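Chains as they are written, first to last, in this note's numbering: chain A, 15 to 342; chain B, 17 to 338.
Ideal Cβ positions, reconstructed from N, Cα and C, are used throughout, including at glycine.
No experiment lies behind these values; they were computed from the predicted model shown.
Here is the structure we will look at.
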Amino acid sequence: MTVLTLIDAIKQAMDEELERDPRVFITGEDVGKRGGVFRATQGLYDKYGGTRIVDSPLAELSIVATGIGAALADLRPICEIQFADFIHPAFNQIVNEAAKMHYRSGGQWRVPLVIRAPYGGGISGALYHSQSVEAFFTHVPGLKVVIPSTPYDAKGLLKSAVRDPNPVLYFEPKKGYRAIKGEVPPGDYTVPIGPARVAREGRDLTAFAYGMMAHYTVLAAEQVAREDGLDVEVIDLRTLLPVDKTAILTSVQKTGKALIVHEDNLTMGYGAEVAAVLADDGFAYLDAPVRRLAGPDVPAVPFAHTMQEFFMPNPDKIAAAMRDLAEY
Amino acid sequence: MAEIDKPTLLEWYRQMFLIRQFENQCDVLYKEKKITGVYMHLYSGLEATGVGAVAALRPSDHVITAYRDHGIALARGMTPESAMAEMMGKRTGCSGGKGGSMHLASREHNFWGGYAIVGGHLPLAAGIALESRYNGKDDVVLSFVGDGASNNGYFHEALNLSAVWDLPVVWLIENNGYGMGTPVEVSSGQPELHKRAVAYGMKDMGRVDGQNVVDVYNVVSKAVEYARKKGPVLIESLTYRYKGHGVSDRSYDKMAELRDWQQKDPILVLQDYLCKHYECVEDELKDIEREQMAAVFKAVEFAEDSEVPTYEDLISHIYVEE
Chain A
15 MTVLTLIDAI KQAMDEELER DPRVFITGED VGKRGGVFRA TQGLYDKYGG TRIVDSPLAE
75 LSIVATGIGA ALADLRPICE IQFADFIHPA FNQIVNEAAK MHYRSGGQWR VPLVIRAPYG
135 GGISGALYHS QSVEAFFTHV PGLKVVIPST PYDAKGLLKS AVRDPNPVLY FEPKKGYRAI
195 KGEVPPGDYT VPIGPARVAR EGRDLTAFAY GMMAHYTVLA AEQVAREDGL DVEVIDLRTL
255 LPVDKTAILT SVQKTGKALI VHEDNLTMGY GAEVAAVLAD DGFAYLDAPV RRLAGPDVPA
315 VPFAHTMQEF FMPNPDKIAA AMRDLAEY
Chain B
17 MAEIDKPTLL EWYRQMFLIR QFENQCDVLY KEKKITGVYM HLYSGLEATG VGAVAALRPS
77 DHVITAYRDH GIALARGMTP ESAMAEMMGK RTGCSGGKGG SMHLASREHN FWGGYAIVGG
137 HLPLAAGIAL ESRYNGKDDV VLSFVGDGAS NNGYFHEALN LSAVWDLPVV WLIENNGYGM
197 GTPVEVSSGQ PELHKRAVAY GMKDMGRVDG QNVVDVYNVV SKAVEYARKK GPVLIESLTY
257 RYKGHGVSDR SYDKMAELRD WQQKDPILVL QDYLCKHYEC VEDELKDIER EQMAAVFKAV
317 EFAEDSEVPT YEDLISHIYV EE
């Protein structure tokens, strides 16, 4: 086992998939010689050349749309959007085209496409370099949405995404690119798209999270175990669409209490769907109201450090929410 | 101008007449409420552009267009049965009834649709062309472009990208004078739309008389050969839609203007050409017309007799299952 950072695990997955399948290519802004704005593709241009690591114009809709077109014609594009905030110009391509192609053609067409985008706040990126955009896309049948929180999952899920015959949005917690490290086996393995992961077993309550917040939620669970003797189960959702209802219900059946953590703002966020799953099919399991800890309902993560701190959930805030819920 | 042989001209006549009959029949069925919905955009009047352009391709090439797609799908070889059943929302339609008028699709014909979002298909055309270049093929993509689409961002990004990456795309603007209800000169700073090629460093093949199938074929053939070897090309075909933007909206039909364009009706233009060049061709044309009318009636019968989609169809093809 080798210890890798999150971003190195992502790069390793792309490197191995490029090696494995000549149909795989990467396109996006500065992904070529420059190696990507976060260096996710560093070295790949030298290894695979400009035909497979393709610098695009600064034009997101055509980055995604050319990916869709190439995928229709049976290539396996990985499109990089530099920041998730920049994905909005391509919203029509993702929602109206990628998600609907297989359906609208009565099964004739398929779009084996991966869109990678770093998301999330806490890096002083201000309004347009901090957004969490997952909820816009988890509302769209036809798409798959994946957000890893560990290097192991990052590599295995990205490989699954590349091999998936459907369009997959793969959001990367950029604050954790170099901060999150973990063991990653060399060589080929995959993590299936769909199942959530029990990141920490526990009995007192369940905390659901994904991405950077899954990382923080595990830290918070360890903190309340140490300080309060609470035994929190942490579920890293990691695939947001399709929804892993079984994992949500199974855990709450055991613990009776649910906390959902995400940095995307509260209203209509992913936590609302988790709460709805519990209300629909897990009502009898609940010993307490379902709680959500999320970003506040403000238009974006603002620049000033103090406001950013107010905005972002962190291990202390998550631990406090766990204690509150445990006391109910 | 290259000499086109008689069988080819008769085949084009057949296709154009088929399209006209198909569209006339769609109009009738719409009024009878057998084709439902409020959106149906007929290709009547534009037949020479679609047939002449598609004739310049080989089967391994690709075709993509916007929502006025019936004529192009038929020219590409989709059967009238498959198209008409889709129009009526039947299981036997090309997309099993999920698409309807604006979203015809046929993998087997490399016909990539049928798009209802104006200009949304243009960067897809670039992506399909990228596959051809990536795999060292010389297949081209023929992308129809509405005059209205030439004013939005998709057009700009897609044409620029195709030029930067030397993609084998023939961008063929079907300039029928109006983007929905707005005349081209009201919406375009440069109403000679082909001139935009200059801004992208792209081959400008100028304007073509979109009512003359032979002219369209000749120009698009040159464009296709250029695209195979070198890169993208922009052409503007001047044509006219006889039935307004869509069946539900004919408020800006202009009778005088329509009569002028009908003087150079694409089917009549080809008829004249054939009659001038070949003696006694009239009987052959009549036979073709009879056959195509019968083919359309047969397609309508097929569609009417076909099953409607089920609930199971509603929830199928959401994801590719492997």
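**Item:** Spatial distance of Asp303 (chain B) from Ala165 (chain B) (CA atoms)
**Value:** Taking the second sequence and counting its residues from 1, one reaches residue 303 (chain B) at position 287. Taking the second sequence and counting its residues from 1, one reaches residue 165 (chain B) at position 149. When rounded, the distance between both Cα atoms is 39 Å.
**Prompt:** Taking C-beta to C-beta, are Glu173 (chain B) and Ala73 (chain A) nearer than 8 Å?
**Reply:** The residue given as residue 173 (chain B) occupies position 157 in the second sequence. The residue given as residue 73 (chain A) occupies position 59 in the first sequence. For Glu173 (chain B) and Ala73 (chain A), yes; Cβs fall inside 8 Å.
**Message:** In the DSSP output, which residue or residues are listed as bridge partners for Leu158 (chain B)?
**Reply:** Within the second sequence, the letter at position 142 stands for residue 158 (chain B). For Leu158 (chain B), which the question treats as bridged, DSSP gives the partners B:Val79 and B:Val186.
**Message:** Measuring straight from C-alpha to C-alpha, what distance separates Gln227 (chain B) and Gly61 (chain B)?
**Reply:** Taking the second sequence and counting its residues from 1, one reaches residue 227 (chain B) at position 211. Taking the second sequence and counting its residues from 1, one reaches residue 61 (chain B) at position 45. Pairing Gln227 (chain B) with Gly61 (chain B), the inter-Cα distance amounts to about 8 Å.
**Asked** Are the C-beta atoms of Ala87 (chain A) and some chain B residue less than 8 Å apart?
**Response** For the purposes of this step, residue 87 (chain A) is identified with residue 73 of the first sequence, where counting begins at 1. With 8 Å as the cut-off, Ala87 (chain A) counts as an interface residue toward chain B.
**From B:Tyr289, B:His137, B:Lys259 and B:Ser264, residue whose alpha carbon lies closest to that of Arg275 (chain B)** = Mapped onto the second sequence, residue 275 (chain B) falls at position 259. Considering only alpha carbons, the answer is B:Lys259.
**Asked** Residues in its own chain within less than 6 Å of Gly136 (chain A) by CB, not counting five upstream and five downstream?
**Response** Position 122 of the first sequence, counted from the first residue, corresponds to residue 136 (chain A). In the same chain as Gly136 (chain A), and ignoring 5 residues on each side of it, the C-beta atoms closer than 6 Å to its own belong to Lys189 and Met326, in chain order.
**Asked** Taking the alpha-carbon positions, what's the Val288 (chain B) to Ser98 (chain B) distance?
**Response** The residue labelled residue 288 (chain B) in the question sits at position 272 within the second sequence. The residue labelled residue 98 (chain B) in the question sits at position 82 within the second sequence. Going by the sequence as given, residue 288 (chain B) is Asp instead of Val. Asp288 (chain B) and Ser98 (chain B) have their C-alpha atoms roughly 32 Å apart.
**Prompt:** Can you tell me the Cα-Cα spacing of Val285 (chain B) and Tyr62 (chain A), whole angstroms?
**Reply:** Walking along the second sequence from the start, residue 285 (chain B) turns up at place 269. Walking along the first sequence from the start, residue 62 (chain A) turns up at place 48. One C-alpha to the other measures close to 54 Å.
**Item:** Closer than 8 Å at the beta carbon, the chain B residues around Leu75 (chain A)
**Value:** Residue numbering aside, residue 75 (chain A) sits at position 61 when the first sequence is read from its first letter. In chain order, Pro139, Gly169, Tyr170 and Glu173 make up the part of chain B whose C-beta sits under 8 Å from the C-beta of Leu75 (chain A).
**Message:** Using 8 Å as the threshold, is the C-beta distance between Leu58 (chain A) and Met15 (chain A) below it?
**Reply:** Working through the first sequence from its first residue, we reach residue 58 (chain A) at position 44. Working through the first sequence from its first residue, we reach residue 15 (chain A) at position 1. Taking 8 Å as the Cβ cut-off, Leu58 (chain A) and Met15 (chain A) do not qualify as a contacting pair.
**Prompt:** Does the distance from the CB of Val324 (chain B) to the CB of Gly105 (chain B) come in under 8 Å?
**Reply:** Here the question's residue 324 (chain B) lines up with position 308 in the second sequence. Here the question's residue 105 (chain B) lines up with position 89 in the second sequence. Judged by beta-carbon spacing, Gly105 (chain B) lies within the 8 Å limit of Val324 (chain B), meaning their Cβ atoms are closer than that value.
**Asked** Exposed or buried, which one is Val17 (chain A) when buried takes at least 16 other CB atoms within 10 Å?
**Response** The residue you call residue 17 (chain A) lines up with position 3 of the first sequence. It counts as exposed.
**Request:** Taking only the alpha-carbon atoms, compute the straight-line gap between Met17 (chain B) and Glu186 (chain A) and give it to the nearest angstrom.
**Result:** Within the second sequence, numbered from 1, the residue matching residue 17 (chain B) stands at position 1. Within the first sequence, numbered from 1, the residue matching residue 186 (chain A) stands at position 172. At Met17 (chain B), the pLDDT of 49 sits below 50, so the modelled position is not reliable; the number obtained from the coordinates is stated separately. Roughly 57 Å separates the two Cα atoms.
**Asked** Closer than 8 Å, Cβ to any Cβ of chain A: which residues of the region 45 to 70 of chain B, in chain order?
**Response** Going along the region 45 to 70 of chain B in chain order, one finds no residue with a Cβ nearer than 8 Å to chain A.
**Item:** Between the CA atoms of Leu86 (chain A) and Ile24 (chain A) - distance to the nearest angstrom
**Value:** As a first step, residue 24 (chain A) is located in the first sequence; it is residue number 10 there, counting from the start. As a first step, residue 86 (chain A) is located in the first sequence; it is residue number 72 there, counting from the start. Distance between Ile24 (chain A) and Leu86 (chain A), taken at the CA atoms: about 25 Å.
**Asked** So what's Asn106 (chain A) in DSSP terms, helix, strand or just coil?
**Response** Working through the first sequence from its first residue, we reach residue 106 (chain A) at position 92. Helix, per DSSP.
**Asked** Are there three or more Cβ pairs, one per stretch, closer than 8 Å when the region 322 to 337 of chain A is compared with the region 145 to 162 of chain A?
**Response** Segment contact: the region 322 to 337 of chain A against the region 145 to 162 of chain A, fewer than three CB-CB distances shorter than 8 Å; contact not assigned.
**Request:** Please name the residues in the region 81 to 111 of chain A whose beta-carbon is closer than 9 Å to at least one beta-carbon of chain B, in chain order.
**Result:** Of all residues in the region 81 to 111 of chain A, Gly81, Ile82, Gly83, Ala84, Ala85, Leu86, Ala87, Asp88, Leu89, Pro91, Pro103, Asn106, Gln107, Asn110 and Glu111 have a Cβ within less than 9 Å of some Cβ in chain B.
**Message:** So, with DSSP's three-state summary, where would you put Asn234 (chain B)?
**Reply:** As a working note, residue 234 (chain B) is residue 218 in the second sequence. Helix.
**Message:** Quick check on DSSP: helix, strand or coil for Ala87 (chain A)?
**Reply:** Your numbering for residue 87 (chain A) matches position 73 in the first sequence. Residue state, collapsed to three classes: coil.
**Asked** Can you tell which of A:Pro179, A:Asn180 and A:Tyr184 has the C-alpha that lies nearest to the C-alpha of Lys169 (chain A)?
**Response** Against the first sequence, residue 169 (chain A) aligns to sequence position 155. When each option's Cα is compared against that of Lys169 (chain A), the closest is A:Tyr184.
**Cβ neighbour criterion (16 or more within 10 Å) applied to Ser144 (chain A)** = As a working mapping, residue 144 (chain A) is identified with position 130 in the first sequence. That one is buried.
**Item:** Continuous alpha helix (DSSP H) assignments of at least 4 residues falling wholly in the region 245 to 329 of chain A
**Value:** The region 245 to 329 of chain A contains these whole alpha helix (DSSP H) runs: 259 to 269, 284 to 295 and 319 to 325.
**Prompt:** Can you list, in chain order, the residues of the region 52 to 79 of chain A whose Cβ is nearer than 7 Å to any Cβ on chain B?
**Reply:** Within the region 52 to 79 of chain A, the residues whose Cβ lies closer than 7 Å to some Cβ of chain B are Thr65, Pro71, Ala73, Leu75, Ser76 and Ala79, listed in chain order.
**Request:** Mind checking which residues open and close the beta strand (DSSP E) that includes Arg34 (chain A)?
**Result:** On the first sequence, position 20 is the one that residue 34 (chain A) refers to. Counting along the chain, Arg34 (chain A) falls outside any beta strand (DSSP E), though it belongs to the alpha helix (DSSP H) covering Leu20 to Arg34.
**Request:** Return the CA-CA distance between His102 (chain A) and Pro282 (chain B), expressed in angstroms with no decimal places.
**Result:** Here residue 102 (chain A) corresponds to residue number 88 of the first sequence, with the count starting at 1. Here residue 282 (chain B) corresponds to residue number 266 of the second sequence, with the count starting at 1. Straight through space, the alpha carbons of Pro282 (chain B) and His102 (chain A) are spaced by roughly 43 Å.
**Item:** Cβ contact (3+ pairs, closer than 8 Å) linking the region 196 to 211 of chain A and the region 123 to 139 of chain A
**Value:** Result no; under three Cβ-Cβ pairs closer than 8 Å.
**Message:** Which same chain residues end up closer than 6 Å to Ser4 (chain A) when comparing Cβ atoms and leaving out the 5 residues on each side of it in sequence?
**Reply:** Nothing about residue 4 (chain A) can be read from this structure; chain A reaches only from 15 to 342.
**Request:** Confirm, please, whether the CB-CB distance from Asp77 (chain B) to Leu158 (chain B) is below 8 Å.
**Result:** The sequence position of residue 158 (chain B) within the second sequence is 142, counting from 1. The sequence position of residue 77 (chain B) within the second sequence is 61, counting from 1. A contact, by the Cβ cut-off of 8 Å.
**In DSSP terms, what Leu183 (chain A) is bridged to** = As a working note, residue 183 (chain A) is residue 169 in the first sequence. According to DSSP, Leu183 (chain A) shares a beta bridge with A:Ile129 and A:Val159.
**Asked** Closer than 8 Å, CB to CB, is Trp128 (chain B) near chain A or not?
**Response** As a first step, residue 128 (chain B) must be located in the second sequence, where it is residue number 112. Yes, Trp128 (chain B) lies at the interface with chain A (some Cβ there is under 8 Å from its Cβ).
**Message:** Does the CB of Met17 (chain B) have a neighbour CB from chain A at under 8 Å?
**Reply:** The residue given as residue 17 (chain B) occupies position 1 in the second sequence. Only weak support exists for where Met17 (chain B) lies, its pLDDT of 49 falling under 50; the value from the coordinates is given anyway. No - not a single Cβ of chain A is within 8 Å of the one on Met17 (chain B).
**Request:** Report, in whole angstroms, the separation of the C-beta atoms of Arg252 (chain A) and Leu171 (chain A), which I expect to be a contact under 8 Å.
**Result:** Locating residue 252 (chain A) in the first sequence gives position 238, counting from the first residue. Locating residue 171 (chain A) in the first sequence gives position 157, counting from the first residue. Your pair Arg252 (chain A) and Leu171 (chain A) checks out as a contact, with CB atoms roughly 7 Å apart and the cut at 8 Å.
**Asked** What residues of chain A sit near Val336 (chain B), judged by a beta carbon separation below 9 Å?
**Response** Here residue 336 (chain B) refers to the residue found at position 320 when the second sequence is read from its first residue. In chain order: His116, Gly121, Arg124, Val125, Pro126, Asp178, Pro179 and Asn180.
**Message:** Rounded to the nearest angstrom, what separates Trp128 (chain B) and Trp187 (chain B) at their Cα positions?
**Reply:** Along the second sequence, read from residue 1 onward, the residue named residue 128 (chain B) stands at position 112. Along the second sequence, read from residue 1 onward, the residue named residue 187 (chain B) stands at position 171. One C-alpha to the other measures close to 15 Å.
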